[in-house]
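The opening position of the sequence shown corresponds to residue 0 in numbering that gives the first Met the number 0, with each subsequent residue numbered one higher.
No residue lacks a Cβ here, since even glycine has one placed at the ideal position from N, Cα and C.
As the structure is a computational prediction, the values presented were derived from the model and not from experiment.
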Amino acid sequence: MTRNFQKIKLIVADYLAALLAWILFYALRKYILHEMSEGISFFLLGSAVMIATFWLLLYTLIGQYRDIFRKSRVKEITNLAQISFLGAIIIFFALLLDDEGVENYRSYYKTISTYFLLHFLITGIFRTITITSIKKLIRQGKISFNTLIVGSNANAREVYLELEKNNRHLGLKILGYLHVFQAIETLFVNELKNLGYYQKLPELIKKHNIEEVIIAIEPSEHKKIEEILGLMEGENVRISILPDLYQILLGSVKVNHLFGTPLIEIKQNLMPVWQEVLKRVIDVVASALFLLIFFPVYAMIAAMVKLSSPGPVFYKQERIGKHGKPFYIYKFRSMFIDAEKLGPSLSSDYDPRITSWGRFMRKVRLDELPQFWNVIIGDMSLVGPRPERQFFIDQIVKIAPHYKHLHRVRPGITSLGQVKYGYASSVDEMVRRLKFDILYIENMSLAMDFRVMLYTIKIIVEGRGK
């Protein structure tokens, strides 16, 4: 309840600050600078609520209300300056550009600068006061974050001592540690509770409502770290990893709220909120337009499928989507009926189960066209890792436990793995393709989606499908 109240308090502070800044801007122009007529001044004053709501929407889309308890006041003011400038520009072109009080370009600059400074200064003061009050609650221990340390060696103890020294500012409530190797070291024996072996992580996260996990084993233990990350896939926790000197020199280590403790933080939010929203809007609008415009093409393909072999036009198959949720993927049928009567199997270049028309469809990806419907109903995206069947996922995770990382996002009609590697005809090939899909997830952006779609079009034109 305390946390929700603090978030509401920050939102209310931002709303009041935006409201006050707009009213002061109105008063300054009307009563001091005498720039507005009665009609215009009435409109500007009446729009105060709308303007304040606009600012809340902008802050939300940019992600200002994510993780408010770990904000840096200095960084927050820097970000606020950038957002305030962006918002002031939008408001200027939306409401002030045709204002009678703006007579020339010099007036334009004065108007937008005045509003920007008023909004930035007032919001900065309100937000600093609010964040300071939140920081005070953290220092008093009224807000804390249940934390586990994975590891029991000298590195883990060093991290623990560093965190304890700064814990008044961090709010980390370290409940205990988990040992990783069979030979249990006792460096924590008098300082921290031993909660058992690291494979109990998922159980402990749920049992103790864990919010942060710090992996403090030797950075060279890549396989073990990979296994630990796999155990936490799908859990809503912040994850930090102890780096080695090489990673620090590469610049991949960022010291954030940990006050000098160098840790690599695993990114939880893959895209800014506004990009997530825009990605979904693009998915739905583009898919709906595609289905509408190319309806005659769908009809022609359906007729060819029907003529090529007996059986239904469409084929549906259960796949695993975001957060491991099963869904049915739709395709134009490219194989003879009962193609998998002996059990699930992957197709190959010269698969006899594929019809002659089906082989052509696969080369130019026409069999995937019904999946635009999957995009509209929310099972898939235009771009994302290709979804697989549970039968093959079970085999993949034995070799590559980090495959579950792909379930953090919606699967896609096309993917970086497909355009860079192509279709996989074996589990080993699926594992090799996996690195491209993880690369996509770690660099997710609208720009990346656009590049993948361009590559996909190139492959379709060249007929390099399977």
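For residue i, collect the residues of the same chain with a Cβ closer than 8 Å to its Cβ; drop the 5 residues on either side in sequence, then sort them by chain order.
i: V312; result: A301, V304, K305, F331 and R332
i: S307; result: T354, S355, W356 and G357
i: L388; result: In the sequence as presented, Leu is not what sits at residue 388; that position holds Arg. Around R388: Q316, E317, R318, I319 and P343.
i: R2; result: F68 and I142
i: V272; result: T59, L60, I61, G62 and R65
i: P201; result: L230, M231 and E234
i: K266; result: E441
i: K206; result: none
Could you work out which residue in the options is closest to residue i when comparing CA atoms only?
i: L136; options: R318, I76, R69 and V408; result: R69
i: R72; options: R407, I124 and D393; result: I124
i: S414; options: F435, A423 and V426; result: F435
i: A93; options: F53, L365 and R167; result: F53
i: I121; options: T146, A16 and V179; result: A16
i: T7; options: M360, R126 and L160; result: Checking the sequence, you will find Ile at residue 7 rather than Thr. Measuring from the Cα of I7, the nearest candidate turns out to be R126.
i: F180; options: Q198, K109, I392 and D448; result: Q198
i: L524; options: L117, L405, I50 and T146; result: Because residue 524 is not part of the residues shown, which for the chain are 0 to 465, the question remains open.
i: I148; options: K192, M360, Y64 and I392; result: K192
i: H406; options: I392, I398 and E428; result: I392
i: G310; options: I336, F289, Y454 and V283; result: I336
i: H178; options: K205, P201, V451 and G150; result: G150
i: G411; options: I398, R138, S424 and I440; result: I440
i: G383; options: K134, L269 and D350; result: L269
i: Y420; options: Y454, H168 and F294; result: Y454
i: F390; options: P325, I133, K362 and L95; result: P325
i: I133; options: R450, R167 and Y314; result: R167
Please work out which residues of its chain come closer than 7 Å, Cβ to Cβ, to residue i, disregarding the five sequence neighbours upstream and downstream, and give them in chain order.
i: R144; result: Residue identity check: residue 144 is Phe in the sequence provided, not Arg. Within the same chain, F144 has close Cβ partners G170, L171, K172, E210 and E211.
i: Q417; result: R385
i: L535; result: The chain is shown from 0 up to 465; residue 535 falls before or after that span and cannot be answered.
i: E163; result: none
i: Y297; result: L368
i: G229; result: P400, H401 and K403
i: E225; result: P400 and H401
i: I395; result: Y402, V426, M429 and V430
i: M334; result: R352, I353, T354 and G357
i: A80; result: F119
i: R432; result: G416, Y420 and A423
i: V236; result: I204, I209, E210, E211 and V212
Would you say residue i touches the ligand NAD, meaning its beta carbon is less than 6 Å from a heavy atom?
i: V149; result: The model depicted lacks the ligand NAD and carries no ligand whatsoever.
Put residue i into one of helix, strand or coil per three-state DSSP.
i: L257; result: Reliability fails at L257, whose pLDDT of 46 lies under 50, so the model's placement of it is uncertain and no value is given.
i: I263; result: strand
i: V451; result: helix
i: S380; result: strand
i: L177; result: strand
i: E317; result: strand
i: P325; result: strand
i: E211; result: strand
i: M334; result: strand
i: V272; result: helix
i: A408; result: Here residue 408 is Val; the residue named in the question, Ala, does not match the sequence. Correct three-state label for V408: coil.
i: K172; result: strand
i: N235; result: coil
i: Y196; result: strand
i: F68; result: helix
i: V363; result: coil
i: F293; result: coil
i: I300; result: helix
i: L56; result: helix
i: L160; result: helix
i: T127; result: helix
Would you mind giving the Cβ-Cβ distance between residue i and residue j, rounded to the nearest angstrom? I have them listed as a contact below 8 Å.
i: L9; j: I67; result: 6 Å
i: L262; j: I227; result: About 14 Å separates the two Cβ atoms, so there is no contact after all.
i: G233; j: H322; result: 6 Å
i: L241; j: V158; result: 6 Å
i: R409; j: M443; result: With a Cβ gap of about 11 Å, R409 and M443 do not count as contacting.
i: A12; j: T129; result: 5 Å
i: I216; j: K223; result: 6 Å
i: F24; j: L117; result: 5 Å
i: S239; j: E220; result: About 16 Å separates the two Cβ atoms, so there is no contact after all.
i: L85; j: A51; result: That belief does not hold up - the Cβ atoms of L85 and A51 are roughly 16 Å apart, past 8 Å.
i: L55; j: Y14; result: 6 Å
i: I76; j: F91; result: Their Cβ separation, rounded to whole angstroms, is 22 Å, which puts I76 and F91 out of contact at 8 Å.
i: Y114; j: A87; result: 5 Å
Against chain B, with Cβ distances strictly below 7 Å, would residue i count as a contact?
i: K457; result: Among the chains in the structure shown there is no chain B, since it carries only a single protein chain.
In its own chain, which residues sit with a C-beta less than 6 Å from the C-beta of residue i, not counting the 5 before and 5 after it?
i: G175; result: L191, K192 and L194
i: D366; result: K330, F331, S333 and M360
i: F371; result: S286, F289 and L290
i: D282; result: V374, S380 and L381
i: A155; result: I148 and A215
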